[in-house]
Amino acid sequence: MSTPALDATLGPGAPAVESADAAPPGTGRTRTAAGLRGWAVRLASLAAVVAVWQWLTATDARVGLRFDRLPSPTEVAAEFGRQLGTGIYYLDLAQSLIRILTGFALAAVVGIALGVLVARSRWAGDLLLPPIEVVRPIPAIALVPIAILVFPTDEQGIVFITFAAAFFPIMVSTRHAVRALPTLWEDAVRTMGGGRVHVLWNVVLPGTLPGVFGGLSVGMGVAWICVISAEMISGEFGVGYRTWHAYTVVDYPGVLVGMASIGVLDWVASASIELLGRRLTRWLPRGEGGAR
């Protein structure tokens, strides 16, 4: 779309300048078709894996690996249908979700706040980073004995393990995102009279959103791994506990149902974070494949 001021600048013989928001005709339809093709490919790849799995278990194949004792997809589906009719399955899902959401929410708040603080303040970085960097390489699941000793209940210990697992990816990603911001942005706002709080709210936080959501996505995946492991060790309810219990009673279809439930829950949680991140960073320029 052309404007009078721009037309006057270009001159009467200059072509009209189209707005960047004006999309070529058919773009929306093309993107929809590409999205449908993408989903079709994903579903086909998943169906192919299930088909190969069914064939290997049905033929009792031994091709370096032993598939003769592995439950088939039909057996797992039957066990999944049975568990859907019981209340304990939904109780386990709810328990795991409460633990993961509580620990992850705490990790997101503390991790983002500390990441911004240590990146913006040299004094805070010198004070806080050494103990953080010493603890960071320790796997969160290795903290289970400490959690059992320190926290009065197993529930609090599992939430702590989840918090520790998600905290470090979120904090490190936030710190790097803040440090990667061009100083020109902050200088421009300061020259126009913007104070420290204004710069933080209108420059630092929006500019770091892509890095922050990358850390949140990684943190969610790590948190699920650790909460399931913690439930196996010291839980009474939860998907991890039920999966481990199924293994101890040699219920292999139940084990695979638990594994599939964990995978789906993690995928839904990570996809939700990614979707939220895309909604909050619409203002960022995207490439040709950025709309997927």
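Numbering (my numbering), first residue to last: 1032 to 1323.
From the three backbone atoms N, C-alpha and C, an ideal C-beta is built for every residue, glycine too.
Here the structure is a predicted model, which is why all the values come from computation and not from measurement.
Bridge-paired residues (DSSP) for Arg1206: Bridge partners of Arg1206: none, in fact.
Exposure of Leu1158, with buried meaning 16 or more beta-carbon neighbours within 10 Å: Exposed is the label assigned to Leu1158, since fewer than 16 other Cβ atoms lie within 10 Å of its Cβ.
Helix, strand or coil for Asp1052 per DSSP? Any reading at Asp1052 must be qualified, since the residue scores a pLDDT of 46, below 50, and its modelled position is unreliable; the value itself is stated next. It is coil, neither helix nor strand.
Does the segment 1188-1204 come within contact of the segment 1249-1258, defined as at least 3 CB pairs closer than 8 Å? At 8 Å Cβ cutoff, the stretches touch.
Ser1103 and Thr1090: beta carbons closer than 8 Å? For Ser1103 and Thr1090, no; Cβs fall outside 8 Å.
Secondary structure at Phe1093, three-state DSSP: helix, strand or coil? The sequence shown places Arg at residue 1093, not Phe. It is a strand residue.
Are there 16 or more other CB atoms within 10 angstroms of the CB of Glu1262, so buried, or fewer, so exposed? That one is buried.
Quick one: using the 10 Å Cβ neighbour count with 16 as the cut-off for buried, is Met1251 buried or exposed? Buried.
Three-state secondary structure assigned by DSSP to Thr1063: Here Thr1063 sits in helix by DSSP.
Spatial neighbours of Ser1303 within its chain, please: C-beta separation below 6 Å, excluding the five flanking residues on both sides. Same-chain partners within the cutoff: there are none.
Sequence-distant residues of its chain with Cβ nearer than 7 Å to Trp1084 (five each side left out): Correct list, in chain order: Pro1104.
So, helix, strand or coil for Trp1298, using DSSP? Trp1298 falls in the helix class under three-state DSSP.
From Ala1071, Leu1231 and Leu1122, residue whose alpha carbon lies closest to that of Phe1268: Closest by alpha carbon: Leu1122.
Taking all protein chains shown into account, do 16 or more other C-beta atoms lie within 10 angstroms of the C-beta of Met1202, making it buried, or fewer, making it exposed? In this structure Met1202 is buried. Its beta-carbon is surrounded by 16 or more other beta-carbon atoms within 10 angstroms.
Cα-Cα, which of Glu1217, Ala1150, Phe1244 and Pro1161 is closest to Leu1306? Checking every option, the nearest Cα to that of Leu1306 belongs to Phe1244.
With DSSP run on the structure shown, which of helix, strand or coil describes Val1281? In the three-state reduction of the DSSP assignment, Val1281 falls in the coil class, being assigned neither a helical nor a strand state.
Let me know the secondary structure DSSP gives Thr1184 once reduced to three states. Three-state DSSP puts Thr1184 in coil, outside helix and strand.
Is the segment 1221-1235 close to the segment 1266-1280, with three or more CB pairs under 8 Å? Result no; under three Cβ-Cβ pairs closer than 8 Å.
Please check the pair Thr1239 and Ala1219, which I expect to be a contact at CB under 8 Å, by giving their CB distance rounded to whole angstroms. For a cut-off of 8 Å, the C-beta gap from Thr1239 to Ala1219 is around 17 Å, too long to register as a contact.
Starting from the Cα of Thr1205, find the closest Cα among Ala1138, Ala1109 and Leu1077 and give me that residue. Of the listed residues, the one whose Cα sits closest to Thr1205 is Ala1138.
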